[in-house]
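J.:
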Amino acid sequence: MDSNSIEGSTLVSTIANCIDRILVQQLEVLGGKIGSSDDGEHLRDQVAEVTSSANTLSKETNTLMKRLVELSNDQRYASAMKVHRERLMGDLIGVLNRLQVAQRNAVAKEKESMKAVAAQDQQVSHQIEQVNDEEQQERQQLQIQHQQHLMEIRERSEAMRQLDQDISDVTQVMKDLARIVHDQGEIVDSIEANVEHASMQVQQASTFIL
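Note that our numbering gives residue 87 to position 58 of the sequence shown, counting from 1, and the numbers run on in steps of one.
(1) Under a Cβ-count criterion, where at least 16 other Cβ atoms within 10 Å of its own Cβ denotes burial, should R133 be classed as buried or exposed?
(2) Would M180 and V136 qualify as a contact pair, given that the criterion is a beta-carbon distance under 8 Å?
(3) Going by C-alpha to C-alpha distance, which of A147, Q75, I35 sits closest to R183?
(4) Straight-line CA distance for H113 to S38?
(5) Counting C-beta neighbours from all protein chains within 10 Å, is the total for N91 16 or more, i.e. buried, or is it exposed?
(6) Evaluate S42 with the Cβ neighbour count: other Cβ atoms within 10 Å of its Cβ, from every protein chain shown; 16 or more gives buried, anything less gives exposed.
(7) Under the rule that 16 or more other beta-carbon atoms within 10 Å means buried, what is K144, buried or exposed?
(8) Across the stretch 194 to 213 and the stretch 159 to 178, are there enough close Cβ pairs to call them in contact, namely three or more that are closer than 8 Å?
(9) Mark N46 as exposed unless 16 or more other C-beta atoms lie within 10 angstroms of its C-beta, in which case mark it buried.
(10) Taking a contact to mean a Cβ-Cβ separation below 8 Å, would you say I63 touches L128 in this structure?
(11) Using 8 Å as the cut-off, can you tell me whether the stretch 164 to 175 makes contact with the stretch 53 to 62, which would need three or more C-beta pairs spanning the two stretches below that distance?
(12) Alpha carbon to alpha carbon, how far is A77 from L93? Give it in angstroms, no decimals.
(13) If you compare alpha carbons, which of S142, S66, R185, D150 is closest to Q170?
(14) Between the Cα of S34 and the Cα atoms of L192, S101, I44, H211, which residue gives the shortest distance?
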């Protein structure tokens with residue numbers, strides 16, 4: 030077995046491992062908790078951590094996939110590598126599709142929650158205006174609530190901006206994969222269909238961002 034064959038086998042194993050480590054299901058579960066009683070700063074930190082890790086793995090896997098394509102185009106290894114390439118490409122595209130759906134759902138739920146907090150804060154602000162000067166304790170309590178609302182709105186806004194960037198990053202990876210599929214004309218139709226679906230999902234991503 031020569032060096033390229035060894036590299037190819039290593040790439041196949043590494044790519045499969047990277048795909049398995051993209052924790053889409055965990056992001057789906059965490060995203061489903063946004064706006065629930067489990068919501069809070071800790072949950073937003075978890076979502077950010079999982080999403081950041083998934084995006085990093087997506088980029089790394091994309092780079093590895095490009096190298097696998099190069100090896101599979103070598104006639105000496107084409108028959109062996111092509112099967113692995115097509116299988117891994119299909120797996121990666123499927124995972125990235127789910128990742129983008131989970132990210133967009135998280136953005137949508139953050140947006141809903143932020144609107145709910147803003148509505149609550151509007152009521153608190155109105156109550157502050159109605160409080161008499163003699164009711165200092167009540168005013169202070171309302172002002173504390175107001176500050177808490179503002180802080181939560183800022184945190185949710187920042188979470189949405191980060192998710193927006195994460196979606197853009199995955200979009201770029203999907204575009205790269207689409208180019209690979211286009212350049213490798215012999216890739217199976219099912220993978221091409223997945224890429225077309227991914228492209229439609231990518232175009233819709235920005236509609237979920239404020």
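Note that beta-carbon positions come from the ideal geometry of N, C-alpha and C, so glycine has one too.
T.: Reading from the atomic positions:
(1) buried
(2) No, they are not a contact pair.
(3) A check of alpha carbon separations from R183 across A147, Q75, I35 identifies A147 as the nearest.
(4) Each residue's alpha carbon lies about 9 Å from the other.
(5) buried
(6) exposed
(7) exposed
(8) Under the Cβ criterion (8 Å, minimum of three pairs), the stretch 194 to 213 does not count as touching the stretch 159 to 178.
(9) exposed
(10) no
(11) Contact between the stretch 164 to 175 and the stretch 53 to 62 is absent, because fewer than three Cβ pairs lie under 8 Å.
(12) 24 Å
(13) D150
(14) S101
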